[in-house]
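In UniProt numbering, the protein residues as written are 1 to 1207. Inspection log for the structure reproduced underneath, given as structure tokens.
What follows is the structure in structure tokens.
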């Protein structure tokens, strides 16, 4: 009814009083009444309830057919001596039945003022249909007849009629009711014609709405019947064929879906859904177009979907061996009518039978529970005072009796919702209440493998159960009063949370089940920053819960616990995953944890993908070996190739390294090698660093076990380096660095292989005192996995092996030491050959190979370096005086072999003899290259590599001083040019004490070529040194080169000076640039205009152009611009007009820009005072304007008026 939409309890005041009386009467009944079927309490419905009584349990408002059922119940239950009170609802029904409308309206008004509205009167006066026609039979008396169907059918029809009337009232709305009538319209003072016209229009509108309702009813029937009967039979005969959705069903479902989205805060989804169904109004159920009541919401439909009983199959009467001619003429017509009536009656019967079955099942379960509880209470009350132990034995005997297998949630709880039923036969003075413990135990063991660990209940908890006794007051209150008094304790056991709170688990299994139910509701309400506190609960429940679906849900919650977990939170989750894996074993890890990782491999948040990558590595030791080398490896390979986040790929590489430490399938070697190359080629430095720290050492350890380190892995990398050197597109320095860095990371593993496969390995035992390993014996490893001690096993074991290694090399040789012979005879020669084949001018390649050889020699030791590495380099370089003029000996000295041998091999051990050997080698190379007029690139590369380390500055100056005092001018020229390379980074004290005197000594020599060679070094000093005295000395020396007449015709000297000025000018001290560089460049440009030799003039002009281009970016004062810079540019333009027209265009634009700068400076100074005055005037105007704007309000119209023209 419509009343149900306003009053949630749907019970009038009189009904509440009647129910209270009925409850009171029930509690005072004797046990003899119980035997007759009367209810003992709210838990026990009568066993012989009539169908009409079952239908009345809906608690609908009483109809106008007579005295309401509640009042009748009060009259029947109260007894003969009780005072009968007529309810207000019965009075209202009588008034409406007798058409005392005004009296009923008066009663309705008074009840409204008193705050006790009756639903019957409210519905009557809110329905406009009751006031259209008052003639004829009253509406309440039209259907008083029972009809042929008996009282049950009459009640069902009456219920359906009242529901339909209520729905029609909801849809029609209040058009013209007593509350909405305007009585002023019918007064004699107003215009009656307009009022009558308005009344007529309202009547027509009402009739139109009724027509619309009738059309909608017809539309409903047409829509329901639009599918042919033959198709319906096909759908019924073939359940797998889905019946197509009808238009009215689609609109109804759309309305319910939109309502669900709005209730659950999916507002954006609801908006999108509404836009996609723009032909439907989701705010009004009537827009669905069906003349049917609104169904429950989706949640209620879902909860009730499993409670419906299966419908009865359709039955058809079949006549056999009957001739159609023998049948009467109207037989088929009668049969169709009878079938229609039978179907309708069958639907009514099915509905009633379904309700009866539900109520009967509920009645039986409650009756059994009550009887059991009552028997337990009575037995306890009889025996608790005489023999308390007997009560305990009684409960234990009940628990030990055989029973059927209970469900997983088998009632192992202490229910605090105890039924405090009182024994009616006990004395009132000794009334006691007891809380009972209901518990059932499994009597049969579960055969399911997944639930075996969880069905073990503690025997102590079984044996230690006993009834709990409470002290009772010596009072004489009735049980009904006690129950009514305790009802004021606000306890909620009807909700989900109340149900969980009211049950206390008394076994491990019950605790797990309770946590499995509660955790999904707890997690969303915990702050994100504190959710890691839930990880222990989730993991313990997931480990011990017997249901696979619940465990899957809990693990899903674990991986989705935090939206974007930080490092600490991820560590907690990973720690939990490892603990879970250790507890449950590899089978469940594969079945339960891995799917969670796979689901989030493409998650939109990188932190979640990072968690997956780290989890794959952390779980690797606990997975089946087949899964490690197949599924997990493929997952990580996919993430490495496709993920865009650097930190995710870094974690993937580390996890791949862990996988390589546990993999044992030799067929996966090629896949591991490809993964190593893919990781090394990653654009992120973080990923490459993780590859060197984790993946390569782990992969090398696996290759060592397979025996592939020396036979496949290292030769494969060397082959790829050789292919780079042969490439016709030039050397790819990036790939060379990638392969060479991989070889460098393999050096510790290679040395460990030598130690573990040596002839002395069997004698390596930890006995006696072993000398400790020097701290500087090995280079610092990039990670613990590259530490040779970690690879071998321990530092003590490594010390023993090193002692035997050195003794073997010094005294016993390498016979039978295959791994060492491979390094000496194959690895080193191939490396030295590669070194001599790439261009020495590539500083990156030189630096990479120097680092590689330095680490190789330091790892393999001093004895190995002196006896195996140095002799091979010395044999190739052939440094001797006899081969100075031999062309075969000079070729190798110009290659990268020289700087790599000097920097990568000779600097490994910084002892006196090693320093002497390095100094002698560099002196010999400098002398040999100078005297043979060979290129100096190899020597320059050696000085650059060594000069980068301040430790070798003194050593390099010693080598250069050897060249300064050499008798050959060629050697002195080479030494002068090498000074420029070592000055950067050198201390000013060394420059002042050793470099400057050496350069001045070279300038004092007779050869002009030697003097010219010192100019770049002087320029570098001017660029890097700040000491004034030293700068003045250098300035005087350069001035002598420019002003001394003996240098006026030295074309090469002028070229070198201009080139040096262009290089150091922008970085030199401004005073030096302004007072020395710019004036001398101007002079050189003037002199070049008078040069008669065209080639020399073009060379000088080209160098001047480069110098001026570099200096044009510097700040130059106006005076210098006018006096030196612009005149020098104009002189240079004169030369370029004749020699190089393309340069002349650039010079013209440079001159024009400089002239504009000079002009703008002058104009700016002249307009200084004018701009100050103008700024003051502008500020005054701005202040006035802003003050005017400040007087305005926020009105847009007033703001617009400010800019209108005055009229």
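We put the beta carbon where it would ideally sit given N, CA and C, even for glycine.
Check: Short CB-CB distance (under 7 angstroms) between residue 599 and chain C; Outcome: Looking at the structure shown, chain C is missing, and only one protein chain is on hand.
Check: Residue 527 in three-state terms, based on DSSP; Outcome: coil
Check: Alpha helix (DSSP H) segments (min. 4 residues) lying fully within the stretch 645-681; Outcome: 646-662, 669-680
Check: Residue 1036 classed as buried or exposed, judged by whether at least 16 other C-beta atoms fall within 10 angstroms; Outcome: exposed
Check: Nearest-angstrom Cα separation, counted from residue 1111 out to residue 1071; Outcome: 14 angstroms
Check: Per-residue DSSP class, three states only, for residue 98; Outcome: coil
Check: Nearest-angstrom Cα separation, counted from residue 563 out to residue 589; Outcome: 23 angstroms
Check: Terminal residues of the alpha helix (DSSP H) in which residue 860 lies; Outcome: 843-860
Check: Identity of the residue in 940, 639, 605 nearest residue 616 by Cα; Outcome: 639
Check: Helix, strand or coil at residue 400 according to DSSP, with G and I counted as helix; Outcome: Residue placement at residue 400 cannot be trusted, given a pLDDT of 44 that sits under 50; what the coordinates show is reported in the next sentence. Here residue 400 sits in helix by DSSP.
Check: For residue 1145 and residue 1079, the rounded distance between their alpha carbons; Outcome: 24 angstroms
Check: Nonlocal neighbours in the same chain, by C-beta distance under 7 angstroms from residue 717, ignoring five residues either side; Outcome: 739, 742, 743
Check: Cβ-Cβ separation, residue 927 to residue 971 (assumed contact under 8 angstroms), whole Å; Outcome: 6 angstroms
Check: Nearest-angstrom beta carbon gap, residue 820 and residue 754 [assumed within contact, 8 angstroms]; Outcome: 5 angstroms
Check: Entirely enclosed alpha helix (DSSP H) segments - the stretch 1085-1151, minimum 4 residues; Outcome: 1094-1111, 1126-1139
Check: Residue 817 - DSSP class collapsed to helix/strand/coil; Outcome: coil
Check: Inter-residue Cα distance where the pair is residue 272 and residue 246; Outcome: 23 angstroms
Check: Three-state secondary structure assigned by DSSP to residue 536; Outcome: helix
Check: Neighbourhood of residue 921 by C-beta distance below 8 angstroms, restricted to the same chain and skipping five residues each side; Outcome: 879, 901, 902, 906
Check: Per-residue burial, residue 1087 [other beta carbons within 10 Å of its own, 16 or more giving buried]; Outcome: exposed
Check: Length at least 4, wholly inside the stretch 960-1037: the alpha helix (DSSP H) runs in chain order; Outcome: 969-982, 996-1003, 1008-1013, 1015-1024
Check: Contact check, residue 596 vs residue 559, beta carbons under 7 angstroms; Outcome: yes
Check: Residue 348 versus residue 356 - alpha carbon distance; Outcome: 12 angstroms
Check: Residue 563 in three-state terms, based on DSSP; Outcome: coil
Check: Residue 838, DSSP secondary structure in three states; Outcome: coil
Check: Best match in 773, 789, 824, 830 for proximity to residue 803 [C-alpha to C-alpha]; Outcome: 773
Check: Residue 700 classed as buried or exposed, judged by whether at least 16 other C-beta atoms fall within 10 angstroms; Outcome: buried
Check: Residue 721 and residue 876 closer than 7 angstroms at C-beta; Outcome: no
Check: First through last residue of the alpha helix (DSSP H) which encompasses residue 686; Outcome: 685-690
Check: Separation of residue 1121 from residue 1108, as counted between CA atoms; Outcome: 12 angstroms
Check: Backbone CA spacing between residue 557 and residue 544 [nearest angstrom]; Outcome: 16 angstroms
Check: 7 angstroms Cβ cutoff met for residue 698 and residue 672; Outcome: no
Check: Cα-Cα separation between residue 1251 and residue 941, rounded to whole angstroms; Outcome: The structure shown does not extend to residue 1251, since the chain is modelled only from 1 through 1207, so no value can be given for it.
Check: First and last residue of the uninterrupted alpha helix (DSSP H) at residue 726; Outcome: 714-726
Check: Element boundaries [alpha helix (DSSP H), containing residue 1059]; Outcome: 1051-1064
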